[in-house]
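Structure first, commentary second.
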Amino acid sequence: MRFHDAWQECCTHLTHARHALKSLTAHLPLDGRKLALLDLESIQDVDQLVLRYSKLQDSMGSKLFPALLKVLMEPLEDNPMLDKLNRLEKMGILPSVQRWQELREIRNKFAHDYPDGDDMKAVVLNAACSGIEELVEVLDRVGKAGGIIN
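The sequence shown runs 184 to 333 under the numbering used here.
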């Protein structure tokens, strides 16, 4: 995938995630009780946040980062993802590989083992809400490195 296309895809996911987050602001931070009492519209906002956080984090890792490294002529195309993440950390794109893996774990909790119980769901959702802003910071650094934003 070309860098610009991957960038646009990530921006689309971010726009929808931010919209859902804005709609949920009055309920944040969530706890089990608040989550159980959400109306149908707010539940749809939660679902949209979960979907778009997951898609944004996944698209950044699987499409945008490899496309950026290609644009920057970094010879890592066939290397494992961890090598790519380490290079992005050294370049100042990622705050740390460990933090990226923690943001990935939030996505994995949604995708693979969505927690049982409203209290645990609230913990993961709150982590995603704060994680969105970290993804924005990484996305900004990617855009600057790739010459899309100043």
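The C-beta atom is built at its ideal place from N, Cα and C for all residues, glycine as well.
Going by Cα to Cα distance, which pick from the options is closest to residue i?
i, options, result
"R216", "V325, M264, R270, D301", "D301"
"E317", "I226, K304, L239, Q227", "L239"
"G326", "P263, V280, D214, G275", "G275"
"R290", "S225, I332, N262, D241", "D241"
"V229", "H202, S245, V280", "H202"
"L308", "C194, T208, C193, I332", "T208"
"W190", "S225, D214, S245", "S245"
"W283", "M243, C193, M256", "M243"
"L197", "V321, S225, N333", "V321"
"V319", "R235, S225, L221", "R235"
"L247", "Q281, E192, S206", "E192"
Can you name, in chain order, every residue of its own chain whose Cβ lies under 7 Å from the Cβ of residue i, other than the five neighbours on each side?
i, result
"C312", "L204, L211"
"L259", "L252, D266, K267, R270"
"R324", "G275, I276"
"E257", "R270"
Please return the same chain residues whose Cβ sits closer than 6 Å to the Cβ of residue i, not counting the five positions on each side in sequence.
i, result
"F293", "V233, S237"
"I331", "W190"
How close, in whole Å, do the beta carbons of residue i and residue j come, if the pair is a contact with beta carbons under 8 Å?
i, j, result
"Q231", "H199", "6 Å"
"L251", "A310", "That belief does not hold up - the Cβ atoms of L251 and A310 are roughly 25 Å apart, past 8 Å."
"E272", "V280", "5 Å"
Where does residue i land, buried or exposed, given buried means 16+ other C-beta within 10 angstroms?
i, result
"A219", "exposed"
"R185", "exposed"
"I315", "buried"
"K304", "buried"
"P263", "exposed"
"H295", "exposed"
"H187", "exposed"
"L344", "Examination of residue 344 is not possible in this model, given that the chain is present from 184 through 333 alone."
"L213", "buried"
"L223", "exposed"
For residue i, which residues from the same chain have a beta carbon less than 8 Å from its beta carbon, with the 5 sequence-adjacent residues on both sides left out?
i, result
"L221", "H210, V229"
Return no unless some Cβ of chain C is closer than 8 Å to the Cβ of residue i.
i, result
"E316", "Protein chains in the displayed structure number just one, and chain C is not present."
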